[in-house]
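> Here my numbering is used: position 280 in the sequence shown is 280, and no number is missing along the way.
Note that beta-carbon positions come from the ideal geometry of N, C-alpha and C, so glycine has one too.
As the structure is a prediction and not an experimental result, all values here were calculated from the model.
Below is the structure I would like to discuss, written out as structure tokens.
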Amino acid sequence: MSDGIYIVRNDNTLVEMRSSAFESEDLLQELLATHPSLIAGDAIDPTNPRRWLLIAREQAVPGEEGGFGRWSLDHLFVDQDGVPTLVEVKRASDTRGRREVVAQMLDYAANGVVYWPTDAIRQQFERTCTASERDADEALREHLGRPDADLEEFWRSVDVNLRAGRIRMVFVADVIYPELKRIVEFLNAQMNPAEVLALEIKHYTGQGLRTLVPRLIGRTAEAERRKGSRGSTSPRPELTHEQWFAQFAEERGPGEAGAAQAVYDWWVAQGAKFVVSDAQNPTLIAKLIHAQGECWSAKIKPSGQVVTYLRWLVWSPPFDKVEARREIVEALERTFGQRYGEKAASGEPSVPLTLLQEPEAREKLFAIWQSLVDRIRAGA
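Structure (structure tokens):
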């Protein structure tokens, strides 16, 4: 079978295009950056084709809080719903295109969802636009297809998607070998809400012309069946706060529900806004608005735990310093008799709502939080 395609010109002459390797991996990367529509957005979501906004080539991925970049991802895109899309490119001649690249991508994803601050992603996008002499806001509105688009809301959706692990991982190569194909199809069927795909871009040349033919791999019937309504990378309809509390009270009882409502009311009084996550078991998450910006500060879990969200305070002075976060951990331990591990200062130390049903107990927690909020607002 001939590995070629044929183009018929307007003058009825035939151009034979033969399959050929890309001259370099950098060329393939450049083509994706310049022509992101090659990433088969209509094949990924036929009912609502994905559109791609390039955040950066060679996007740094930190391996620890406050890190500057342990790894370098080939491309970071976001789609029109703010879903981060990680793209790693390998030519067929690179033997790592089979298994090692999978571990590499999982490293990027596992660390990116924890250590990528959305503000840094936004700043990187602005630098990318500056380098191409484009206005970042105009480029984003064009991507969204709405001149009146709420840009702040879009970046908030990127933040929520990252926090929920709602990302897309795409392996790109001129040949996707069977070994990688099987791994991708298996991972895509198993993982949720993350999506794992491979894109084979066949390269043909002839008579000074270049033709690219993308083919998507990973959207199997089994993957679609397993993901079902959960598998869409578009956020599912969000519960209202009232619906969340009604569901919580039914599952946890009136005592814990009353304590949860008091926690909610306290954060609202501090100027926080709440988001209901779209996980299978939704969490109620507080975002604190302050003069220096905003930060995820606490959450109420459906399992009956109230979390101080230290892992998301690492970009809010003075809690960018581990010593300041340890003070919060120690205060929680002393007050509620909890014992947290060494990683709690960069994690999610929690207090059971069963310990917060009495007003006196809640006031002790609120005092710890008040100190936290006051220091964030003071930036020291």
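Could you give the residue range of the beta strand (DSSP E) that holds Lys364?
No beta strand (DSSP E) contains Lys364, which is instead part of the alpha helix (DSSP H) from Pro359 to Ala378.
> By how many angstroms is the C-alpha of His35 removed from the C-alpha of Glu179?
The alpha-carbon atoms of Glu179 and His35 are separated by roughly 28 Å.
> Reducing DSSP to helix, strand and coil, say where Glu348 ends up.
Looking at Glu348 - three-state DSSP - the assignment turns out to be coil, as it is neither helix nor strand.
> Could you pull the start and end residues of the alpha helix (DSSP H) that Glu152 belongs to?
It spans Leu151 to Ala164 - the alpha helix (DSSP H) in which Glu152 sits, taken as one unbroken run.
> Tell me which residues share the same chain as Lys301 and place their Cβ nearer than 7 Å to its Cβ, disregarding the 5 neighbours each side in the sequence.
These residues qualify, in order along the chain: Thr283 and Val307.
> Is Ser20 close to chain E? Criterion is C-beta to C-beta, closer than 8 Å.
The question asks about chain E, but that chain is absent: this structure has only one protein chain.
> Please list the segments of the beta strand (DSSP E) lying wholly inside the segment 74 to 145, counting only runs of 3 or more residues, in order along the chain.
84 to 89, all fully within the segment 74 to 145.
> Our contact map puts Ala291 next to Arg377 with C-beta atoms below 8 Å; I'd like the distance itself, whole angstroms only.
That pair is a contact at about 6 Å.
> Would you grab the beta carbon distance between Pro62 and Tyr108 for me? Rounded to a whole angstrom, and I think it's under 8 Å.
At roughly 10 Å, the Cβ-Cβ gap does not stay under 8 Å, so Pro62 and Tyr108 are not in contact.
> Three-state secondary structure (DSSP) at Ser277?
Correct three-state label for Ser277: coil.
> Determine the direct distance from the alpha carbon of Val276 to that of His241, and round the result to whole angstroms.
C-alpha separation (whole angstroms): 7 Å.
> Can you round the beta-carbon distance between Leu28 and Arg91 to whole angstroms, since I take them to be within the 8 Å contact cut?
Yes, they are in contact, since the Cβ atoms of Leu28 and Arg91 sit about 7 Å apart, within 8 Å.
> For a test of the three-state rule: what should DSSP assign to Ala194, helix, strand or coil?
Ala194 falls in the coil class under three-state DSSP.
> Name the residue from Phe248, Val351 and Arg334 whose alpha carbon lies nearest to the alpha carbon of Ala298.
Comparing Cα-Cα distances from Ala298 to each of Phe248, Val351 and Arg334, the minimum goes to Val351.
> Tell me whether Arg230 is buried or exposed, calling it buried when 16 or more other Cβ atoms sit within 10 Å of its Cβ.
At Arg230, the pLDDT of 41 sits below 50, so the modelled position is not reliable; the number obtained from the coordinates is stated separately. That one is exposed.
> Suppose you measure from the CA of Asp81 to the CA of Trp52; what does that come to, to the nearest Å?
Roughly 10 Å separates the two Cα atoms.
> Return the first residue and the last residue of the alpha helix (DSSP H) that Glu58 is part of.
Looking at the DSSP string, Glu58 is not in any alpha helix (DSSP H); the run it does join, the beta strand (DSSP E), is Leu53 to Val61.
> Could you pull out every residue in the same chain whose Cβ sits closer than 6 Å to the Cβ of Ala139, ignoring the five residues on either side in sequence?
If we look at Ala139 and ignore the five residues flanking it on each side, its Cβ neighbours are Cys129.
> Under DSSP, the beta strand (DSSP E) around Trp296 begins and ends at which residues?
Element bounds for Trp296: Gly293 to Ile300.
> Figure out for me which residue from Gln247, Arg57, Phe68 and Arg210 has the closest Cα to the Cα of Ile5.
Ranking the options by Cα distance to Ile5, first place goes to Arg210.
> Taking 7 Å as the cut-off, does the CB of Ser371 come closer than this to any heavy atom belonging to the ligand ZN?
Among the components modelled here there is no ligand, and therefore nothing to report on the ligand ZN.
> Applying the criterion that 16 or more other CB atoms from any shown protein chain within 10 Å of the CB defines a buried residue, is Ser346 buried or exposed?
By the neighbour-count rule (16 or more Cβ atoms within 10 Å), Ser346 is buried.
> Along the alpha helix (DSSP H) that carries Pro46, what are the first and last residues, could you check?
Neither: Pro46 is in no alpha helix (DSSP H) and is coded neither H nor E.
> I need the boundaries of the beta strand (DSSP E) containing Ala173, first residue and last residue.
Run containing Ala173: Arg168 to Ala173, per the beta strand (DSSP E) assignment.
> Could you tell me whether the Cβ atoms of Arg57 and Asp42 are closer together than 8 Å?
Result no, Cβ atoms of Arg57 and Asp42 do not sit closer than 8 Å.
> Under 7 Å Cβ to Cβ from Ala136, same chain only, skipping five residues before and after it: list those, please.
Excluding sequence neighbours, Ala136 sits near Phe125, Glu126 and Cys129.
> List the residues that DSSP assigns as beta-bridge partners of Leu212.
His203.
> Considering only residues of the segment 239 to 290, which uninterrupted alpha helix (DSSP H) runs meet the minimum length of 4 residues and lie entirely inside it, listed in chain order?
Correct list: 241 to 252 and 254 to 269.
> Let me know the secondary structure DSSP gives Glu16 once reduced to three states.
Here Glu16 sits in strand by DSSP.
> Given that a residue counts as buried once 16 or more other Cβ atoms are within 10 Å of its Cβ, and exposed if not, what is Ala131?
With fewer than 16 other Cβ atoms within 10 Å, it is exposed.
> What first and last residue would you give for the alpha helix (DSSP H) that runs through Val329?
That run of the alpha helix (DSSP H) goes Val322 to Phe336.
> If we count Cβ pairs, one from each stretch, closer than 8 Å, do we get three or more for the segment 356 to 371 versus the segment 312 to 323?
Not touching, per the Cβ criterion.
> In angstroms with no decimal places, state the Cα-to-Cα distance between Gln370 and Gln305.
Cα to Cα, the separation comes out at about 19 Å.
> On the DSSP bridge list, what partners appear for Gln305?
DSSP, once it has assigned bridges, lists Pro352 as partnering Gln305.
> For the candidate residues Glu65, Ala33, Pro46 and Ile217, whose alpha-carbon lies nearest to that of Val78?
Nearest of Glu65, Ala33, Pro46 and Ile217 to Val78, Cα basis: Ala33.
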